[in-house]
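In the working numbering, the protein residues as written are 15 to 292.
From the three backbone atoms N, C-alpha and C, an ideal C-beta is built for every residue, glycine too.
Just below is one structure, and these are the notes that go with it.
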Amino acid sequence: MIDALNPWHYFWRVVLSLCLCESLFLFPRILVGDAVKDETRNLDILSLKIVNVYHAVVVGPIAAYYLVFGYLAGGDGPDEALTAAVSRAVALDASAAPALFSGGLAQEPAAYLTSITVGFFIWDLARLEIWPPSGGGERELMVAHHVVSILVWPIAALNGVAGPFLLHFLSTELSSPCLQSRWCAQYLFGRGSAGDVVASVAFALAFFIVRSSNAHVVLHAALAARMYSAETHPDVPASVRYLGAATACLPPLLNMMWTLQILKMGKKMLLGKKAKRA
Numbered sequence: 015m016i017d018a019l020n021p022w023h024y025f026w027r028v029v030l031s032l033c034l035c036e037s038l039f040l041f042p043r044i045l046v047g048d049a050v051k052d053e054t055r056n057l058d059i060l061s062l063k064i065v066n067v068y069h070a071v072v073v074g075p076i077a078a079y080y081l082v083f084g085y086l087a088g089g090d091g092p093d094e095a096l097t098a099a100v101s102r103a104v105a106l107d108a109s110a111a112p113a114l115f116s117g118g119l120a121q122e123p124a125a126y127l128t129s130i131t132v133g134f135f136i137w138d139l140a141r142l143e144i145w146p147p148s149g150g151g152e153r154e155l156m157v158a159h160h161v162v163s164i165l166v167w168p169i170a171a172l173n174g175v176a177g178p179f180l181l182h183f184l185s186t187e188l189s190s191p192c193l194q195s196r197w198c199a200q201y202l203f204g205r206g207s208a209g210d211v212v213a214s215v216a217f218a219l220a221f222f223i224v225r226s227s228n229a230h231v232v233l234h235a236a237l238a239a240r241m242y243s244a245e246t247h248p249d250v251p252a253s254v255r256y257l258g259a260a261t262a263c264l265p266p267l268l269n270m271m272w273t274l275q276i277l278k279m280g281k282k283m284l285l286g287k288k289a290k291r292a
């Protein structure tokens, strides 16, 4: 029987996820590789995007279902205690925040889903040379994001802490397919084309809904949980408490930073179009 919190079971799920990602990456090359020898670079990037979308459509909806379905539907959801905790978190109820860290909420779904994502992140880093060009330190930031997640998430999941936070971080992958479609639109129709604009707007809307709109809730909960406190979380090892306190605020802060970048991108696109018309 598979045990979500068994370290060996977790490890083999990570390995299986990594192998599946590599298989999906190689499939397009096997299918059409000989026919597009002059487009090998773009084929590799497209394959990378396919794996990104696979990960997002598997992990994102499941995490969101467990985390917010009950809250959004006005019922108990798959986990009544989790739904109640999410409702109080959205209301910025600081007294409910500690349970989000050490209350034993969402242990199993967090353990299963993080093992899939950790495998994907390891694979993604192994394919770093294929990542599309990016500026402004974006690549370095994503590498740091992957490394921190690979190191921290298994520790949190296997210790049965921070389940709701982990599910939230995973649910934000729902915006990823729109990001990948933006690259495809730029490749097929060119930068600044109508297709690029449509894909960019779709990505911005998805990002704001999935990530930007709730960043303040997650940040408030992470701070109010006082993860560092032995008095608040007496059953959690000190190393796990300090690790949680040092890293739980990073994803919402990162999403806030990316929100500003998207707003700047939108401003640039609008001003650019006005300048061309003038």
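For A213, the enclosing alpha helix (DSSP H) has its first and last residue at 208-224.
Around the beta carbon of K63, 16 or more other beta carbons lie within 10 angstroms, which makes this residue buried.
Bounds of the alpha helix (DSSP H) holding R153 are 152-172. Nearest Cα to A218 within the set I164, I276, L257, A262: I276. Rounded to the nearest angstrom, the Cβ distance from G133 to V29 is 7 Å, consistent with a contact under 8 Å. Distances from the alpha-carbon of G177 to those of L81, P146, I130 put L81 closest. Straight across, the Cα-Cα distance linking Q200 with G174 is about 42 Å. As for any alpha helix (DSSP H) of minimum length 4 sitting wholly inside the segment 81-105, the runs are 94-104, ordered along the chain. For T131, the uninterrupted alpha helix (DSSP H) run begins and ends at 121-140, by DSSP. Bounds of the alpha helix (DSSP H) holding V254 are 252-261. By the Cβ-count criterion, I130 is buried, with 16 or more other Cβ atoms from all chains shown falling within 10 Å of its own Cβ. Residue range 190-203 is occupied by the alpha helix (DSSP H) that includes W197. Taking the Cβ atoms as the reference, Y126 lies roughly 31 Å from A213, outside the contact range of under 8 Å. One alpha carbon belongs to S61, the other to A124, and they sit about 27 Å apart.
In the DSSP assignment, A113 falls within the unbroken alpha helix (DSSP H) covering 111-116. Using a Cβ distance threshold of 8 Å, I169 and F135 do not count as a contacting pair. The straight-line gap separating the alpha-carbon atoms of A95 and L142 is approximately 40 Å. The beta carbons of S190 and R225 sit about 10 Å from each other, so the pair does not count as a contact at 8 Å. For L181, the enclosing alpha helix (DSSP H) covers residues 177-185. In the three-state DSSP reduction, W145 falls in the coil class, being neither helix nor strand.
Contact annotation: the segment 138-156 does not touch the segment 180-187, with fewer than three C-beta pairs closer than 8 Å.
Between L180 and W167, the gap from beta carbon to beta carbon is short of 8 Å. With a beta-carbon spacing of about 13 Å, A238 and P266 fall beyond the 8 Å limit used to define contacts. Per DSSP, the unbroken alpha helix (DSSP H) holding H230 starts and ends at 229-238. Put simply, of R240, S243, A220, V215 the residue whose alpha carbon is nearest the alpha carbon of K282 is V215. For S31, the CB contacts under 7 Å within the same chain, skipping 5 residues up- and downstream, are S129, I130, G133, F134 in chain order.
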